[in-house]
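Have a look at the structure below before the remarks.
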Amino acid sequence: MTMGFNYGQGHFFRVSGAALDELQRMVKRTQGEPGLSSYSLLAALFRMAVSQAQMQPREPAGMVARTMAAATSVIARLLSNPDAPHMLLNIVHTYRLLPPTASTYIGNNIYLCPVNICTTQLQHCTDAEMFGRIATQIAQAVDDIDRPLLGEFYDTVSTHPHAYANVSSFMSAQPTGLSVIDERHYRTSSADFGDGGPAWISGLPWHMPNFVAIFASSASADGADIYVSLKEPVVKAMLKNPFFTAHAELLF
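Residue numbers (our numbering): 26 to 277.
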């Protein structure tokens, strides 16, 4: 029997500079951190919202769903289980530590930095406290990346190329996984495609699920436009999350 791949649904959200400032103040108020990168704030905002959406129990409905219930019961329990690992894979560009080999995305190195978000310990926190802890955890993991660690990583990938592919495949197969990459450095939103002017590139309407890409905002210099590829029920739950919608606006 052949089964089709269950792709995610593509959307764009916008987080304004004012919303990022408010999130920064929230981290300082709850964690005492003087300032985190906007990447840590954005990755935490989406990891937290996706985790909360995935932890909501969803009952199958309709004839087709009932006939598939036996096959999907394990996945359903995993998605609604607060003890399930909610892994965040930070796909980090290394231009901060290694000189870029090109001014474009293609040709430069990235590093895979996994972070396990322990939702069991955070489920009794307020939204502000949960956000502050996740953002701080992400910031500490990314800040720990140094040149020796990058060297070991690239030596491993060169010797065992399958190791890199295994991590990527593992994350795309995990119902509660989430991969995040920051593309703002490469200014893809103002790329010139030959007609003499910049063009905004929209994300694919369908893509591998549980993926987030951060782009420079087309509306302001201090905000961000975020492309997500998520399962439709997850997006619907996120749009009902008052903490998330107070800081992120759905564009399409």
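By construction, the Cβ of each residue, glycine as well, lies at the ideal position given by its N, Cα and C atoms.
- A distance below 7 Å between beta-carbons, with the five flanking residues on each side excluded, links G157 to the following residues of its chain, in chain order: M51, V52, T55, Q56.
- L122 sits away from S204, with the two beta carbons spaced by 9 Å or more.
- R209 and A249 have their C-alpha atoms some 8 Å from each other.
- A249 is bridged by DSSP to V40, A241.
- Secondary structure of D207 (DSSP, three-state): strand.
- Within the model, the alpha-carbon separation for A238 versus F38 is close to 10 Å.
- For I170, DSSP records no beta bridge to any residue.
- The C-alpha of L264 lies about 25 Å from the C-alpha of S62.
- Secondary structure at Q162: helix, using DSSP grouped into helix, strand and coil.
- Straight-line spacing of the CA atoms in L70 and Y252 works out to 13 Å.
- Short of 7 Å from the beta carbon of G42, and not among the five residues preceding or following it, lie these beta carbons of its own chain, in chain order: S245, D247, G248.
- Here M112 is bridged, per DSSP, to N141.
- In terms of Cβ geometry, N235 and Q77 do not form a close pair [threshold 9 Å].
- The beta-carbon distance between Q34 and V260, rounded to whole angstroms, is 6 Å. This is short enough to meet the 8 Å contact definition.
- The Cβ-Cβ distance between I163 and S243 does not fall below 9 Å.
- Beta-bridge annotation (DSSP): Q77 is not paired with any residue.
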